[in-house]
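Protein chains in written order, with my numbering: chain A, 1 to 175; chain B, 1001 to 1175.
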C-alpha cells in the first residue's frame, strides 16, 4: 500500500479553508508543534538523507530519527519515534555528545478530512502557509496522484513544493 | 564541599555485612541496576574521559552522560541524567545514529549508612563483590580520606580499586 502526498504554497488560507468546508471537509484536529532539528557530530544528514529532531507538542515530546528515503517515488522511510519525559534535558545531553541544533520548525497545524483524503494546513513560522494533501493506503500510485492533484487543482493551488520545511528554512538562511 | 570515596574488592561479603551491622550500620536500600554503556560514533570516550549509558532500575530508566573528571584528586564530573519512558527504543535510536553498545554492567546494590559514611556493597555480574565508602559534604579532603580509609581498614579491606566497573569489564574482555 502507498501513501501519496503533495504539498503546495497557500497564499490565501482563509479562502481555501472556506472552500474545504464547502467541499464537505471537516476539521479533525488542531495542534502546535515545535521541532528542533539536530546536526550529527560526524555525519552530514543532508548527504545521508537522515534527520534527528525533538518535537514538543501540546505538553508531550518525542525524539524522532528518520532514515534515508527508501525509493525515489515516495517519501517512505524508517521513522523511529520515542516518547520523552524531559525534552530540554535530552537536548542538553545531545549537545554534550556533539550534536548541534540546526533549525527550529514551529508550526500551527490544522487537520481536515475531505472525503477519503487527509488535508493539513500548516502555518510555519518564517515560511508562511502550506497545504498538504495525502491519500493513505492507495493500491495504485497513478490513481492516488490523480486524486491528490485533483483536489489541489480544485482548491486553485499550483505552486507545489517537494522540499521539507527544514530544507526551506535552511535554504532561506543561506540567502 | 567534597565527596570523598574509595572502592575495594570484597572477597568475603557475608563477613563484612555482619561487621557493618555490628558497627551500628543500617541497610537503607537494595536495588538492581542494568547499565548499557555506548561507544560514540566519532569520539573515543576512553580518551575523552566521558561516558554514555542507559540505566534500567526497578522499572525506571535513565540516559546519563558523564563528562570528563574535573581534577585529578576527586571523581567530580558533570553528570547529566535524563529520565526515559522507553529505554529499548531509545537504545535503537542510538544505534541508528552510529552509537554502539560496548558493555552491560549488571549489579545488585545494597546501601548502608555507617555513622555519617555511606557504604555500598555491589555484586557485579562477571566481576564479583565490591564495597564503596563515601563521605559526603566534606570540607577537608585529608579528614575525609582518613575517615573513608579508616572504615576500609576496620573492615579488613586492603585491595583498593580506582577503575570503574566498565573499565574492569572492558580490560577483562581484552585478556
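Glycine is no exception: its CB is placed at the ideal position from the N, C-alpha and C atoms.
*Going by Cα to Cα distance, which pick from A:111, A:146, A:8 is closest to residue 29 (chain A)?*
Mapped onto the first chain, residue 29 (chain A) falls at position 29. For residue 29 (chain A), the nearest C-alpha among the options comes from A:111.
*Residue nearest to residue 81 (chain A) in terms of C-alpha spacing, selected from B:1094, B:1083, B:1078*: Here residue 81 (chain A) refers to the residue found at position 81 when the first chain is read from its first residue. Of the listed residues, the one whose Cα sits closest to residue 81 (chain A) is B:1094.
*Going along the chain, which residues of the stretch 37 to 61 of chain A sit with their C-beta nearer than 9 Å to a C-beta in chain B?*
Of all residues in the stretch 37 to 61 of chain A, 40, 41, 42, 43, 50, 52 have a Cβ within less than 9 Å of some Cβ in chain B.
_Quick check on the DSSP output: the alpha helix (DSSP H) that includes residue 1013 (chain B) runs from which residue to which?_
Position 13 of the second chain holds residue 1013 (chain B). Note, residue 1013 (chain B): alpha helix (DSSP H), 1013 to 1022.
*asked:* Determine, for residue 96 (chain A), whether the minimum Cβ-Cβ distance to residues of chain B falls below 8 Å.
replied: In the first chain, residue 96 (chain A) corresponds to position 96, counting from 1. For residue 96 (chain A), the answer is yes, since a Cβ of chain B falls inside 8 Å of its Cβ.
_Residue environment, residue 115 (chain A), which counts as buried when at least 16 other CB atoms sit within 10 Å_ = Here the question's residue 115 (chain A) lines up with position 115 in the first chain. By the 10 Å Cβ count, residue 115 (chain A) comes out exposed.
*Hey, residue 135 (chain A) and residue 117 (chain A): beta-carbon distance below 8 Å or not?*
As a first step, residue 135 (chain A) is located in the first chain; it is residue number 135 there, counting from the start. As a first step, residue 117 (chain A) is located in the first chain; it is residue number 117 there, counting from the start. Going by C-beta atoms, residue 135 (chain A) is nearer than 8 Å to residue 117 (chain A).
*Is the beta carbon of residue 1053 (chain B) sitting closer than 8 Å to the one on residue 1036 (chain B)?*
Walking along the second chain from the start, residue 1053 (chain B) turns up at place 53. Walking along the second chain from the start, residue 1036 (chain B) turns up at place 36. Judged by beta-carbon spacing, residue 1036 (chain B) lies within the 8 Å limit of residue 1053 (chain B), meaning their Cβ atoms are closer than that value.
*Can you tell me whether DSSP reads residue 36 (chain A) as helix, strand or coil?*
Here residue 36 (chain A) refers to the residue found at position 36 of the first chain. Residue 36 (chain A): strand per DSSP, three-state reduction.
*asked:* Mapping the DSSP letters down to three states, classify residue 163 (chain A) as helix, strand or coil.
replied: What you label residue 163 (chain A) is simply residue 163 of the first chain in a count that begins at 1. In the structure shown, residue 163 (chain A) sits in coil (DSSP, three-state: anything other than H, G, I, E or B).
*Interface partners of residue 1065 (chain B) on chain A, CB under 8 Å*: In the second chain, residue 1065 (chain B) corresponds to position 65, counting from 1. 93, 96, 97, listed in chain order.
_Give me the chain A residues within the contact set of residue 1102 (chain B), using Cβ-Cβ distance strictly less than 8 Å, ordered along the chain._
For the purposes of this step, residue 1102 (chain B) is taken as residue 102 along the second chain, with counting starting at 1. By Cβ distance, chain A contributes nothing, its closest Cβ being about 15 Å from residue 1102 (chain B), past 8 Å.
*Please confirm if residue 83 (chain A) has its CB atom under 8 Å from at least one CB of chain B.*
Stepping through the first chain from its first residue, residue 83 (chain A) is reached at position 83. Output row for residue 83 (chain A): interface = yes.
*First and last residue of the uninterrupted beta strand (DSSP E) at residue 144 (chain A)*: Your numbering for residue 144 (chain A) matches position 144 in the first chain. If you look at residue 144 (chain A), you'll find it isn't in any beta strand (DSSP E); it sits in the alpha helix (DSSP H) that goes 141 to 154.
_Three-state class that DSSP yields for residue 1089 (chain B) in the structure shown_ = In the second chain, residue 1089 (chain B) corresponds to position 89, counting from 1. Look at residue 1089 (chain B) here: in three-state DSSP terms it is helix.
_Buried or exposed for residue 76 (chain A), going by 16 or more other Cβ atoms inside 10 Å?_
Along the first chain, one-based indexing puts residue 76 (chain A) at 76. Classification for residue 76 (chain A): exposed.
*With distances taken between CB atoms, is the gap from residue 124 (chain A) to residue 20 (chain A) smaller than 8 Å?*
Translated into positions along the first chain, residue 124 (chain A) becomes position 124. Translated into positions along the first chain, residue 20 (chain A) becomes position 20. Not closer than 8 Å, so no.
*Burial state of residue 1042 (chain B), where buried means 16 or more other Cβ atoms lie within 10 Å*: Sequence index remark: in the second chain, residue 1042 (chain B) carries index 42 (1-based). With fewer than 16 other Cβ atoms within 10 Å, it is exposed.
*asked:* Please state whether the Cβ-Cβ distance between residue 1007 (chain B) and residue 1161 (chain B) is less than 8 Å.
replied: Your numbering for residue 1007 (chain B) matches position 7 in the second chain. Your numbering for residue 1161 (chain B) matches position 161 in the second chain. Going by C-beta atoms, residue 1007 (chain B) is nearer than 8 Å to residue 1161 (chain B).
*Closer than 8 Å, CB to CB, is residue 1166 (chain B) near chain A or not?*
Position 166 of the second chain, counted from the start, is the residue given in the question as residue 1166 (chain B). No, its Cβ sits nowhere closer than 8 Å to a Cβ of chain A.
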